[in-house]
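Each residue of the sequence shown is one higher than the last, beginning at 5 in my numbering.
Comments concern the structure below.
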Amino acid sequence: MIDLSASTEPDLRLAARVLARVDAVANAVGVEYLVVGATARTILSIGLVGGPPERATQDIDIAAAMGTWDDFEEFVSRLDRHGRSAHSFLVEGIEVDVLPYGGIEDEDRTILWPDDHRMSVRGFREAVASAESVILPGGLVIKVPAVPALALLKLLTWWDRRATTTHDAIDLGTMIGWYSSGPYWDRLYDEELEVLERHGFDPALAGAWLLGSHMPALLDSDGVAVLLDIVGDDDVLGRLGSDVRLTRGPVLVGALAEGIREASSCTRSGGLES
């Protein structure tokens, strides 16, 4: 469990107030949710590397398990709508996006919003299994995706929205950096020396590979196929290497992709150890 109850970070304290309201609604209607997106990134950044990320945002995204659209409407009827979007609400003056997944999904792991907009929710269900519990200021306990699951969500979301925004890629770049920082730096030298040696004792490169290697095991075979399609396209990887806004972006994204490919092969043959 990550204990941030004593944190004085203003964005975190604001998120805690907003999520306390959301949590009360979720409990009232029996909905389980996961804090995702930029807020989860901020929480993990503070908890793992001791400070908020450079790209700040106060918007909050939650992935909420819903069996039907009626369940979704029951949940959101207790929130104040924000604009004309079906999934955006205002809580304590902050925009909260409610992203449903679960029984509400179609077979292709997408949902069809009432306005006929189709959105992929692949990765939400998988992120729940490895979620981290976090104590926020005020004592509220929430769940956020573990770093590999959040990075996976960011990669999949970037893929879906790459024509309109680079924000998801920038967040993915932040997480690539985490994997050679703080406790992950120690892990490289204490537990992953072989990986480090393979990458010329370059912690950033080894960390990127290791992060990629942790993604495929989170997915079913269809999800792994989607992931391999993304990292199997050199043009796509080139764009991602630029969008992550890292000094060695293309090289680090290449290592991430190689980790994904190698782990996918091992997962299919039953040889991957996490």
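Backbone N, C-alpha and C define an ideal beta-carbon position, used for all residues, glycine too.
Computed from a prediction, not measured in an experiment: that's the story for all the values here.
Nearest-angstrom Cα separation, counted from residue j out to residue i
| i | j | result |
| --- | --- | --- |
| Pro187 | Leu52 | 7 angstroms |
| Leu256 | Ala133 | 27 angstroms |
| Asp194 | Ser185 | 13 angstroms |
| Asp15 | Trp162 | 24 angstroms |
| Arg17 | Ile146 | 13 angstroms |
| Arg165 | Gly127 | 15 angstroms |
| Pro254 | Ser246 | 7 angstroms |
| Thr72 | Phe79 | 11 angstroms |
| Gly275 | Val102 | In this predicted model, Gly275 has a pLDDT of only 46, less than 50, meaning its place in the structure is not dependable enough to derive any value. |
| Leu215 | Arg243 | 19 angstroms |
| Gly204 | Arg25 | 49 angstroms |
| Phe93 | Leu241 | 34 angstroms |
| Ala4 | Arg113 | Residue 4 cannot be examined here, being either before or after the span of the chain that is shown, 5 to 278. |
| Asp63 | Leu192 | 33 angstroms |
Assumed close pair residue i, residue j - CB separation to whole angstroms, cut-off 8 angstroms
| i | j | result |
| --- | --- | --- |
| Ile6 | Val40 | Incorrect: roughly 15 angstroms between the Cβ atoms, too far for contact. |
| Val29 | Arg85 | At roughly 14 angstroms, the Cβ-Cβ gap does not stay under 8 angstroms, so Val29 and Arg85 are not in contact. |
| Leu200 | Leu156 | With 8 angstroms as the limit, Leu200 and Leu156 do not qualify as a contact, their Cβ atoms being about 23 angstroms apart. |
| Leu260 | Trp213 | 7 angstroms |
| Leu176 | Val100 | Between Val100 and Leu176 the Cβ distance is about 23 angstroms, and since that is not below 8 angstroms, they are no contact. |
| Val151 | Leu48 | 6 angstroms |
| Val228 | Ser268 | 5 angstroms |
Close Cβ partners of residue i (< 8 angstroms) along its chain, the five nearest in sequence each way excluded
| i | result |
| --- | --- |
| Ile115 | Pro104, Tyr105, Ile108, Glu109, Arg122, Met123, Val125 |
| Ala20 | Leu140, Pro141, Gly142, Leu144 |
Classification of residue i by the beta-carbon crowding that lies within 10 angstroms, buried from 16 upward
| i | result |
| --- | --- |
| Glu277 | The pLDDT assigned to Glu277 is 45, lower than 50, so where the model puts this residue is not dependable; a value taken from the coordinates is nonetheless given after this. Burial call: exposed. |
| Asp233 | exposed |
| Val235 | buried |
| Arg45 | buried |
| Val35 | buried |
| Val33 | exposed |
| Ala167 | exposed |
| Pro118 | exposed |
| Asp226 | exposed |
| Gly87 | exposed |
| Glu136 | buried |
Cutoff 6 angstroms; reference residue i; Cβ partners in own chain excluding five residues on either side
| i | result |
| --- | --- |
| Ala208 | Ser184 |
Residue(s) in a DSSP beta bridge with residue i
| i | result |
| --- | --- |
| Phe93 | Arg85, Val100 |
| Val195 | At residue 195 the sequence reads Glu, which differs from the Val that was named. Paired residues: none, contrary to the question. |
| Ser49 | Paired residue(s): none; Ser49 is not in a bridge. |
| Lys147 | Ser137 |
| Asp7 | Ile139 |
Contact set for residue i: own chain, Cβ-Cβ below 7 angstroms, skip 5 residues either direction
| i | result |
| --- | --- |
| Ile50 | Leu8, Ser11, Glu13, Leu16, Pro56 |
| Trp189 | Pro207 |
Residue i: CB within 8 angstroms of a non-hydrogen atom of the ligand SAH
| i | result |
| --- | --- |
| Pro118 | Absent from the structure shown: the ligand SAH. Ligands present: none. |
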